[in-house]
Amino acid sequence: MALLAWNVRGLDNKDTIRALKNICLKHKNDIVFLSETKKKKRYLEKIRMRMKLDNAFYVEPIGIAGGLALWWNNEVKLSVLHHDKNLIDTVISINGEPEWFGTFIYAPPYEEEKQEFWERLGTLRDNASVKWCIMGDTNVVSSPSEKYGGAPFDYNNAKWYYEFLEKSLLMEIQSK
Numbered sequence: 707m708a709l710l711a712w713n714v715r716g717l718d719n720k721d722t723i724r725a726l727k728n729i730c731l732k733h734k735n736d737i738v739f740l741s742e743t744k745k746k747k748r749y750l751e752k753i754r755m756r757m758k759l760d761n762a763f764y765v766e767p768i769g770i771a772g773g774l775a776l777w778w779n780n781e782v783k784l785s786v787l788h789h790d791k792n793l794i795d796t797v798i799s800i801n802g803e804p805e806w807f808g809t810f811i812y813a814p815p816y817e818e819e820k821q822e823f824w825e826r827l828g829t830l831r832d833n834a835s836v837k838w839c840i841m842g843d844t845n846v847v848s849s850p851s852e853k854y855g856g857a858p859f860d861y862n863n864a865k866w867y868y869e870f871l872e873k874s875l876l877m878e879i880q881s882k
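Add 706 to a position in the sequence shown, counting from 1, and you land on the number used in our numbering.
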């Protein structure tokens with residue numbers, strides 16, 4: 707199974723679309739999640755078809771901000787349980803394997819919205835015994851090694867994220 711989560715910061719650029727297509731075709735992604743698309747469904751559908759993915763779910767941008775796209779192929783059984791401007795929560799099974807929860811996120815970049823988001827995310831799986839994978843953009847600098855330049859690393863900027871991980875008994879895994 708191959709999954710891709712990418713904050714594309716807008717899909718106006720032909721180079722970005724070309725790079726997305728190359729990644730999808732090279733890795734034969736089963737699921738692709740794009741955040742901050744800044745585009746409506748009609749535009750994104752044309753791109754999805756070029757990526758050769760069979761199914762889609764969209765959260766429309768608000769004005770020219772945000773926007774989420776979730777694409778998957780027919781080998782994936784995926785049902786959307788809940789969605790809002792920051793997430794798409796799903797239950798997934800691939801090739802008859804046991805179901806698991808997949809929550810695709812674009813966490814708020816604004817400090818005043820972070821606490822509510824992480825607390826809300828934490829309530830999605832209360833008392834669930836099924837595996838849960840969260841993918842996307844946390845909008846959190848979680849360690850000093852992730853930060854270059856600017857203001858020094860401040861743990862308080864990530865406190866809601868860390869409290870969520872601890873309460874949910876989850877671990878952080880970062881891709882390269």
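Note that CB positions come from ideal geometry on N, CA and C, so glycine has one too. These numbers were taken from a predicted model, which means no experiment stands behind them.
For Leu731, tell me which candidate among Arg748, Lys758, Gly716, Glu825 has the shortest Cα-Cα distance. What you label residue 731 is simply residue 25 of the sequence shown in a count that begins at 1. Nearest of Arg748, Lys758, Gly716, Glu825 to Leu731, Cα basis: Lys758.
Would you call the CB atoms of Pro814 and Phe823 closer than 8 Å? The count along the sequence shown starts at 1 and reaches residue 814 at position 108. The count along the sequence shown starts at 1 and reaches residue 823 at position 117. Yes. Within cutoff.
Does the Cβ-Cβ distance between Ala708 and His733 come in under 8 Å? In the sequence shown, the residue the question calls residue 708 occupies position 2. In the sequence shown, the residue the question calls residue 733 occupies position 27. Contact: yes.
Take His789 and list the residues in its own chain whose beta-carbon comes closer than 8 Å to its own, dropping the five residues that flank it on each side. Position 83 of the sequence shown, counted from the start, is the residue given in the question as residue 789. Cβ-Cβ distances below 8 Å link His789 to Phe763, Val765, Leu774, Asp795 in the same chain, with the five nearest sequence neighbours on each side left out; the list follows chain order.
Sequence-distant residues of its chain with Cβ nearer than 6 Å to Asn713 (five each side left out): Residue 713 sits at position 7 when you count from the first residue of the sequence shown. Result list for Asn713: Ser741, Glu742, Asp843, in chain order.
Report the rounded CA-to-CA distance for Asn719 versus Phe739, giving the unit in angstroms. The count along the sequence shown starts at 1 and reaches residue 719 at position 13. The count along the sequence shown starts at 1 and reaches residue 739 at position 33. In a straight line, the C-alpha of Asn719 is about 18 Å away from that of Phe739.
Meets three-Cβ-pair contact criterion under 8 Å: the region 816 to 830 and the region 796 to 804: The region 816 to 830 makes no contact with the region 796 to 804: fewer than 3 CB pairs, one atom from each, lie closer than 8 Å.
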